[in-house]
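In what follows, a structure is listed as structure tokens, so that the remarks can point back to it.
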Amino acid sequence: MENYIEQLTAKNSEYVHIITRELVKIGKTDEEIKTILSEILPEIIDAQNRRILAKDLLGTPSEFTARYAPKIAKTDSSGKAIITYDNETPVLMWLDSSLLMLGVLCLMNGIMANMNKNSRTYGIITLLVMSFVAGVIIYLMYRLIYKKQAMGLKVPWPQSIAIMVVAFLVWITLFGATVMLPTTINVVPPRLVVIILGAAALGIRHFLKRRYHIKPALGSLSQPVGK
């Protein structure tokens, strides 16, 4: 097995190191880990020779180790099963964040417009672009910064700041561009419709989260990261 490890590229070596640590976390013994590695290392080397990364072959470290995790349902003190939201499918995590942003923006915009008759509601394109682009940004921040930190990987702070600044500038630029669209294109819906749209977005998000157990990217940004 040592011969295979010596042949690994830097990226594949890092991948093996991460999955080894994750296997330890889920309770695998040294012998079990050696058995797992002895099975996958030849496959990784073979794929490496074909310029295929271990991540592309076996999935992300969390996806790979999930195959070996004990299938035990978590329960609370009353014995009721606890739902775990651990589905990290990119499209679902993006959609979850986007629907949350759409719901919050629509409700805030609609309610404020009702409270102040001089206030205006945003056009439908503006609301959708602001929300779904924000969803992309939130997911990228989770994937490129916070997930790596949680896995124990160091992300240089200049890189973190640069990602956040670029993401914010993109969001502001697109927001400004959509606001300038004529109302014939960027239709401004009635205040009540905006509120209903916001409530519907949050309702759909709740349904999808419960149905697919989606991990919230936005919630993950505020959680403590691993050392």
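Those letters in the sequence shown? Residues 603 to 829, per the numbering used here, in order. Even glycine gets a Cβ: it sits at the ideal position worked out from N, Cα and C.
Can you check which of these residues, A819, S733, I747 and M766, is closest to G800 by C-alpha distance? Translated into the one-based positions of the sequence shown, residue 800 becomes position 198. Closest option to G800, Cα to Cα, is S733.
Per-residue DSSP class, three states only, for G737: Sequence index remark: in the sequence shown, residue 737 carries index 135 (1-based). Helix at G737.
Assuming V728 and N788 are in contact, meaning their beta carbons sit under 8 Å apart, how far apart are those beta carbons, in whole angstroms? For this step, residue 728 is matched to residue 126 along the sequence shown. For this step, residue 788 is matched to residue 186 along the sequence shown. The residue you asked about is not Val; residue 728 is Thr in the sequence shown. The pair is a contact, with the Cβ atoms about 6 Å apart (cut-off 8 Å).
Span separating the alpha-carbon of Q751 from that of M766: Within the sequence shown, residue 751 is the residue found at index 149, counting from 1. Within the sequence shown, residue 766 is the residue found at index 164, counting from 1. One C-alpha to the other measures close to 15 Å.
Proximity of V772 and Y724 at Cβ, strictly below 9 Å: For this step, residue 772 is matched to residue 170 along the sequence shown. For this step, residue 724 is matched to residue 122 along the sequence shown. For V772 and Y724, no; Cβs fall outside 9 Å.
Beta-carbon of N718 versus every beta-carbon of chain C: anything under 9 Å? Note that chain C does not occur in the displayed structure, where there is just one protein chain.
Name the DSSP beta bridge partners of N689, please? Here residue 689 corresponds to residue number 87 of the sequence shown, with the count starting at 1. DSSP, once it has assigned bridges, lists I816 as partnering N689.
E665 and E690: beta carbons closer than 9 Å? Counting from 1 along the sequence shown, the entry for residue 665 is found at position 63. Counting from 1 along the sequence shown, the entry for residue 690 is found at position 88. For E665 and E690, yes; Cβs fall inside 9 Å.
Would L794 be called buried (16 or more neighbouring beta carbons within 10 Å of its own) or exposed? Here residue 794 corresponds to residue number 192 of the sequence shown, with the count starting at 1. Exposed, since its Cβ has fewer than 16 Cβ neighbours within 10 Å.
Quick one: residues in its chain with C-beta nearer than 7 Å to the C-beta of T667, no 5 flanking neighbours on either side, listed in chain order? Taking the sequence shown and counting its residues from 1, the one referred to as residue 667 is at position 65. These residues qualify, in order along the chain: I621, E624, L625 and I628.
Hey, how far is the Cα of L655 from the Cα of N605? Reading the sequence shown from its first residue, position 53 is the one you call residue 655. Reading the sequence shown from its first residue, position 3 is the one you call residue 605. Their backbone Cα atoms lie some 18 Å apart in a straight line.
Among N720, T637, S699 and L659, whose alpha-carbon lies nearest the alpha-carbon of Y670? The count along the sequence shown starts at 1 and reaches residue 670 at position 68. The shortest Cα separation from Y670 among N720, T637, S699 and L659 belongs to T637.
Contacts around H815, its chain only, beta-carbon distance under 6 Å, and the 5 residues preceding and following it disregarded: Locating residue 815 in the sequence shown gives position 213, where the first residue counts as 1. Result list for H815: Y687 and N689, in chain order.
Which value, in whole angstroms, describes the spacing of the CA atoms of Q825 and P784? Position 223 of the sequence shown, counted from the first residue, corresponds to residue 825. Position 182 of the sequence shown, counted from the first residue, corresponds to residue 784. Low confidence applies here, because Q825 scores a pLDDT of 46, under 50, leaving its location unreliable; read the following figure in that light. Cα to Cα, Q825 sits roughly 41 Å from P784.
Out of curiosity, what's the CA-to-CA distance linking H837 and A612? Given that the chain is displayed from residue 603 to residue 829, the structure contains no residue 837 and the question cannot be resolved.
Does the distance from the C-beta atom of L810 to that of L697 stay below 9 Å? By 1-based counting over the sequence shown, the position of residue 810 is 208. By 1-based counting over the sequence shown, the position of residue 697 is 95. A contact, by the Cβ cut-off of 9 Å.
Using only CA atoms, which one of A715, M743, P818 and M714 lies nearest to S762? Locating residue 762 in the sequence shown gives position 160, where the first residue counts as 1. Selected option, being the one with the closest Cα: M743.
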